[in-house]
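Chains as they are written, first to last, in this note's numbering: chain P, 766 to 930; chain G, 529 to 1298.
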């Protein structure tokens, strides 16, 4: 990698403002994992094929391995660590546990963030909508069955929570 | 805290058969689980390997002088720097950690660069000067077995051979009503676990510590210790949470390289494969060529099989010899076959190494034997379920290796239950154009083939009703930690949350062998069970003294001692403190080795203590314009002995089915002169969510008396019959038999084009007699 003049970035990562001077050739995934210690974002392929590094940028699921550092500037980024406060579980996370959607766990953070982006837009997705939403996230363990079930269960949990407020 | 599980001896209070949540689940959904690539030690150096681009060459020299001048590079190591033995291999020690003189495959490691930044490593790798002379290589098994073929190792490319002879197959074939002969070929496949290989190593107090993504930390320790020439006690391998393995993380990947770099530099070192390196360096599923003859009588009863299997194990043996031996043992399928002549060959070539991959050489065989069953059924006009029910193994039957199966033979029930479920779902009996339903059956021996494969476990019951289990068993995502916790909790009557399973650390846990061969629930499960039994016996001795009750049958539930099924007033806590006052600790150790024997020269013996069985039914629709196959539904009925955790068993079945679907239709490692042409996830096609069919798991429980609470195994069986069932469904849909995997759109379109020519050819090779 060619050394370039540090590029100043101000962005919001998991709710906190982050100011960094970074080499503009670096990838978002490396900044998250190496500079910010957010190792919940996984690297499975480095070319946007597997979705293990999915994070939310302004609410949209994005492969962090395909984003260069300057693109972070002015954006709001959510990683798996920022989905809920430290000792809480998000209803999607609860649903993944209850449905048995976790095996090796390497695709799980990216899968959960993709699910979050889907459920923010569509509160009651059918099976096809869920499968379409997660089509960029590979899982080699589960056959996707329990992941799809978990996301639909999460929708129900979120709806119940809305109803109770 | 109350460690003891509420409720008495009522079976409803059992944790066996409960879908307890995974012990590692919360960390995984929170993104807190630290996989090997997430670990770090301040000041750790990075490592990178220079790999051969050519498949066969004499390596004359490796000149590192320019690489060493790159700023940030700390060291460059070659074969000459290895202090101990430069050979690794799970069965045969035939693979160098770093090549000293002979390159045998593209991807062989030639030099190891250690430095401060990834950028420095990249530049240094480019500056290493390699002087080599390319040699003619062998890239197919036929070539490799031919007269005068260049030998990959030693004199002969046949690495090993297995033969099974039972009865008189030739005589039985000549007297048969129907004889079907076909050649089947299968492809090389990649595991494609989501987590690429990674590890970290450091030397602390004279001990070389390695944290690594692996399926067998104790094997890793043996290889590192031999390579460094140090005692095993000076090597500690800790399995990092492992992001999938499927057999691909049984071999040495980064372990020895990291240990060498840490040992030589004295500094912590880290290494993470990129996806392409993972493709190039890791073992693959063996491609097979299978010549298969089946013969049956007028009722479709199998009389004989004659089978020749050739597997391409590539440049190094890895698990190849065991894969081909297992293929021979399972070649006849889950059927009673009185006469068999089976030979299998494990053959070296200069292709990528093939080793263990989920199913261990049996999915290939299932593809062949299940096509044969359909061909026999078609010749006689019998239904596919009927011919399988007529031939399937039953208690009391003898296998082709001469093993009498006395119990836990659930194949018949899986066929019936899969058929019934398919019927309920409306999959059967609805003829439609280009639509087909296919059946696939399988059997799978649990544990290593005719070889000892013990597992040990330690267990410590503490006064507050909590339990620590130490086991070498590597949980690679399948959930063995949870299953072992359930077994300990059940036996000791404690809450599952109060069992801590510390697994896969050679510094503290006993060897449990490999997480392979679908063996850990059965083998390590038994080890934990027996450690728990030992602790229970210690408690019982003390309880009998307190209760003054001779040798009454005692149990421990809800924190109390139960005598003859009735609760007493004595608490388990009192018992443990009673033991403590006498200086007795409530510790147990367990060990289990499956009761099996080796095979003799005629392939006769009892290679496994027990077998799992399964039947899957696939429903497909073929688009004859594009050649694309849509798998609509899969029914998967699996005899697992006993489902310790049903949700987890379903998870294995569903994941196996989808991986099997990829194997049937999509996945293939393409080679050109031994070099992988598609070493990226963009080019190697994996099933995605949108490809996934409806999957209907059916759990069948034929208890295995030697298994923990009756359990056998399911990890590999989940995948084994899937490609067979799908290929049979495609054949039913189109009336064309496909004998080569994967069944790609290209193969389908080509076959449709020459459909008439194909049918003539097919009639020639099906000999109808009498």
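We put the CB at the ideal spot given by N, CA and C, even for glycine. Remember, it's a predicted structure, so these values are computed and weren't measured experimentally.
Bridge partners - residue i, DSSP secondary structure assignment
i                       : result
residue 1119 of chain G : G:984
residue 948 of chain G  : In the DSSP output, where bridge partners are listed per residue, residue 948 of chain G has none listed.
residue 881 of chain P  : Paired residue(s): none; residue 881 of chain P is not in a bridge.
residue 591 of chain G  : G:657
residue 834 of chain G  : G:821 and G:869
residue 780 of chain P  : According to DSSP, residue 780 of chain P bridges with nothing at all.
residue 717 of chain G  : G:813
residue 687 of chain G  : DSSP lists no partner for residue 687 of chain G.
residue 1084 of chain G : G:1089
residue 792 of chain P  : P:833
residue 1204 of chain G : G:1199
residue 1225 of chain G : G:1164
residue 963 of chain G  : G:1149
Residue range of the alpha helix (DSSP H) that includes residue i
i                       : result
residue 702 of chain G  : 697 to 702
residue 1107 of chain G : 1100 to 1109
residue 783 of chain G  : 783 to 793
N- and C-terminal bounds of the beta strand (DSSP E) containing residue i
i                       : result
residue 826 of chain P  : 825 to 828
residue 1146 of chain G : 1139 to 1150
residue 1191 of chain G : Element bounds for residue 1191 of chain G: not the beta strand (DSSP E) but the alpha helix (DSSP H), 1174 to 1193.
residue 557 of chain G  : Here residue 557 of chain G belongs to no beta strand (DSSP E); instead the alpha helix (DSSP H) covers 553 to 558.
residue 575 of chain G  : 573 to 579
residue 1048 of chain G : Premise fails: residue 1048 of chain G lies in the alpha helix (DSSP H), 1048 to 1075, not in any beta strand (DSSP E).
residue 1154 of chain G : Run containing residue 1154 of chain G: none; DSSP gives neither H nor E here.
residue 798 of chain G  : 797 to 800
Own chain partners of residue i with C-beta closer than 8 Å, once the 5 adjacent residues on each side are dropped
i                       : result
residue 877 of chain P  : 845, 848, 855, 857, 858 and 861
residue 700 of chain G  : 823, 831, 832, 866 and 867
residue 745 of chain G  : 765, 766, 767, 1000, 1002, 1032, 1033 and 1034
residue 608 of chain G  : 628
residue 934 of chain G  : 923 and 924
residue 1090 of chain G : 536, 537, 1082, 1083, 1084 and 1096
Backbone secondary structure at residue i - three-state DSSP
i                       : result
residue 758 of chain G  : coil
residue 812 of chain G  : strand
residue 1219 of chain G : helix
residue 955 of chain G  : coil
residue 1297 of chain G : Only weak support exists for where residue 1297 of chain G lies, its pLDDT of 35 falling under 50; the coordinates are left without a value.
residue 1134 of chain G : coil
residue 1089 of chain G : strand
residue 926 of chain P  : helix
residue 692 of chain G  : strand
residue 752 of chain G  : helix
residue 942 of chain G  : helix
residue 863 of chain P  : helix
residue 935 of chain G  : coil
residue 876 of chain P  : helix
residue 732 of chain G  : strand
residue 743 of chain G  : coil
residue 769 of chain G  : coil
residue 723 of chain G  : coil
residue 1266 of chain G : coil
residue 585 of chain G  : strand
residue 786 of chain P  : strand
Residues near residue i in its chain [Cβ-Cβ closer than 6 Å; skip 5 each side]
i                       : result
residue 921 of chain P  : none
residue 1184 of chain G : 1246 and 1247
residue 1163 of chain G : 946, 949, 950, 1145 and 1224
residue 592 of chain G  : 604 and 656
residue 832 of chain P  : 793
Nonlocal neighbours in the same chain, by C-beta distance under 7 Å from residue i, ignoring five residues either side
i                       : result
residue 779 of chain P  : 843, 844, 846 and 847
residue 916 of chain G  : 901, 943, 967 and 969
residue 722 of chain G  : 771 and 772
residue 1215 of chain G : 1186, 1189, 1190 and 1194
Item to check | Length at least 4, wholly inside the segment 966 to 1034 of chain G: the alpha helix (DSSP H) runs in chain order | outcome: 1008 to 1020
Checklist entry - What are the start and end residues of each continuous alpha helix (DSSP H) run of 4 or more residues lying completely inside the segment 605 to 669 of chain G, in chain order? => result 646 to 655
Next on the checklist: At 3 residues or longer, what runs of the beta strand (DSSP E) sit wholly inside the segment 833 to 910 of chain G?
Outcome noted: 867 to 876
Next on the checklist: For a minimum of 3 consecutive residues, which ranges assigned as the beta strand (DSSP E) are wholly contained in the segment 809 to 854 of chain P?
Outcome noted: 819 to 822, 825 to 828 and 841 to 843
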